[in-house]
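Structure record follows, encoded as structure tokens.
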Amino acid sequence: VFVTGGIWRSIYFLGFSTGYYYLTRYLKASLANKILEKKALEHILREKEAELELLNIRNAYLQAQINPHFLNSALNFIYGSARKSEPAISDCIFLLSKITRYATSPDHSGSRGLLTEEISQVQDLIKLWKILKNNMIYIDFNHDQASTTVEFIPLILLTLTENIFKHGNLRIPEQPASISLQLYGTLLSIETDNLIAQKQKEERISHGLNNISERLTYAYGEAATVRFYRTEQAHFRVLITVDLAKHLKRQFLPD
Numbered sequence: 001v002f003v004t005g006g007i008w009r010s011i012y013f014l015g016f017s018t019g020y021y022y023l024t025r026y027l028k029a030s031l032a033n034k035i036l037e038k039k040a041l042e043h044i045l046r047e048k049e050a051e052l053e054l055l056n057i058r059n060a061y062l063q064a065q066i067n068p069h070f071l072n073s074a075l076n077f078i079y080g081s082a083r084k085s086e087p088a089i090s091d092c093i094f095l096l097s098k099i100t101r102y103a104t105s106p107d108h109s110g111s112r113g114l115l116t117e118e119i120s121q122v123q124d125l126i127k128l129w130k131i132l133k134n135n136m137i138y139i140d141f142n143h144d145q146a147s148t149t150v151e152f153i154p155l156i157l158l159t160l161t162e163n164i165f166k167h168g169n170l171r172i173p174e175q176p177a178s179i180s181l182q183l184y185g186t187l188l189s190i191e192t193d194n195l196i197a198q199k200q201k202e203e204r205i206s207h208g209l210n211n212i213s214e215r216l217t218y219a220y221g222e223a224a225t226v227r228f229y230r231t232e233q234a235h236f237r238v239l240i241t242v243d244l245a246k247h248l249k250r251q252f253l254p255d
């Protein structure tokens with residue numbers, strides 16, 4: 001009887017320990033799944049909130065409650081009317097129409113888009129300003145082929161370019177403004193440099209950049225870094241990096 005009781009106790013403890021082992025494994029797996037689900041939900045929420053913020057940015061970008069379809073139709077009409085008599089004006093209207101169409105298109109309502117599209121808009125914006133200033137502005141825009149395939153939040157490059165035109169002195173050939181977009185492995189780098197116009201205050205220059213910084217931090221977290229400063233030579237520089245691999249890991253792995 002003693003032996004039989006010992007066997008049963010052994011079986012009991014063995015069963016208890018086995019059950020406890022599988023219970024702890026189940027709880028750990030369940031906790032891990034909940035963490036992953038929470039991360040997935042947080043990611044979806046960030047995407048939705050980013051889409052809403054994008055709509056607000058578009059409104060600020062246009063600074064008018066004008067129906068985009070009406071605006072594009074009007075610009076196309078003026079372009080057609082001026083093409084023969086005023087080619088320079090028609091070119092301006094054509095470029096402005098392209099930029100406006102990009103900023104208001106439903107195709108860009110998502111939180112990400114290929115950089116090649118915005119690169120094209122930056123090139124058009126530079127052409128537009130050169131026409132308006134009789135080619136008496138000096139700005140270099142360089143990018144590598146790899147960066148064109150990156151999916152990125154929109155209107156960052158355009159805002160940086162507008163900031164240069166708004167606050168920079170681009171009339172000195174020896175000190176041209178510059179915009180550089182490069183992809184080093186999985187590290188996206190955006191750099192701008194321009195001579196500051198004499199009447200500009202640094203607080204005004206920084207206003208639009210604070211918005212950029214907030215958007216990048218919101219979209220990429222610690223994977224993004226933003227620096228902007230004034231040099232002793234009265235230049236203003238912006239340095240932005242986004243570690244795309246780190247951002248991807250942040251999206252799908254628990255903290």
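Residue 95 in my numbering is what sits at position 95 of the sequence shown, and the numbering runs on without skipping anything. Ideal Cβ positions, reconstructed from N, Cα and C, are used throughout, including at glycine.
Same chain, Cβ closer than 8 Å to Thr149, five either side skipped, listed in chain order: For the purposes of this step, residue 149 is taken as the residue at position 149 of the sequence shown. If we look at Thr149 and ignore the five residues flanking it on each side, its Cβ neighbours are Leu114, Leu115, Thr116.
Using a 10 Å radius around the Cβ and a threshold of 16 neighbouring Cβ atoms, would you call Gln63 buried or exposed? Taking the first residue of the sequence shown as 1, we reach residue 63 at position 63. Reliability of the predicted coordinates at Gln63 is poor, the pLDDT of 43 falling under 50, and the value obtained from them is presented with this limitation in mind. Gln63 comes out exposed.
Since Leu187 and Thr241 are thought to touch, with beta carbons under 8 Å apart, how far apart are those beta carbons, to the nearest angstrom? Here residue 187 refers to the residue found at position 187 of the sequence shown. Here residue 241 refers to the residue found at position 241 of the sequence shown. Yes, they are in contact, since the Cβ atoms of Leu187 and Thr241 sit about 6 Å apart, within 8 Å.
So the alpha helix (DSSP H) Glu174 belongs to, where does it begin and stop? The residue labelled residue 174 in the question sits at position 174 within the sequence shown. Neither: Glu174 is in no alpha helix (DSSP H) and is coded neither H nor E.
Taking the alpha carbon of Ser180 as the point to measure from, which residue in Asn142, Arg171, Ser213 has its own alpha carbon closest? In the sequence shown, the residue the question calls residue 180 occupies position 180. For the residues Asn142, Arg171, Ser213, the minimum Cα distance to Ser180 belongs to Asn142.
Candidates Arg227, Ala234, Tyr220, Tyr229: closest to Asp243 by CA position: Reading the sequence shown from its first residue, position 243 is the one you call residue 243. Looking at the Cα atoms, Tyr220 is the closest of the given residues.
Just checking my contact of Ile164 with Ile131 at CB under 8 Å: how many whole Å lie between their CB atoms? As a working mapping, residue 164 is identified with position 164 in the sequence shown. As a working mapping, residue 131 is identified with position 131 in the sequence shown. About 17 Å separates the two Cβ atoms, so there is no contact after all.
With a Cβ-Cβ cutoff of 8 Å, do Leu170 and Ile137 count as a contact? Reading the sequence shown from its first residue, position 170 is the one you call residue 170. Reading the sequence shown from its first residue, position 137 is the one you call residue 137. For Leu170 and Ile137, yes; Cβs fall inside 8 Å.
Would Leu160 pass as a contact of Leu128 if the rule is Cβ separation under 8 Å? On the sequence shown, position 160 is the one that residue 160 refers to. On the sequence shown, position 128 is the one that residue 128 refers to. In this structure, Leu128 does not lie closer than 8 Å to Leu160 by Cβ.
CA-to-CA distance, Ile89 to Gln121, given in whole angstroms: Your numbering for residue 121 matches position 121 in the sequence shown. Your numbering for residue 89 matches position 89 in the sequence shown. Approximately 18 Å between the Cα atoms of the pair.
Closest by C-alpha distance to Asp91, when choosing among Ala224, Phe152, Leu125, Asn211: In the sequence shown, counting from the first residue as 1, residue 91 sits at position 91. For Asp91, the nearest C-alpha among the options comes from Leu125.
Whole angstroms are fine: how far does the CA of Leu248 sit from the CA of Ala146? By 1-based counting over the sequence shown, the position of residue 146 is 146. By 1-based counting over the sequence shown, the position of residue 248 is 248. C-alpha separation (whole angstroms): 18 Å.
Who are the near neighbours of Ile99 in its chain, counting only those whose CB is closer than 7 Å to its CB and skipping five residues on each side? Position 99 of the sequence shown holds residue 99. Within the same chain, Ile99 has close Cβ partners Gln121, Asp124, Leu125.
Out of Tyr218, Val238, Ala245, which has the shortest C-alpha to C-alpha gap to Leu157? Locating residue 157 in the sequence shown gives position 157, counting from the first residue. Nearest of Tyr218, Val238, Ala245 to Leu157, Cα basis: Val238.
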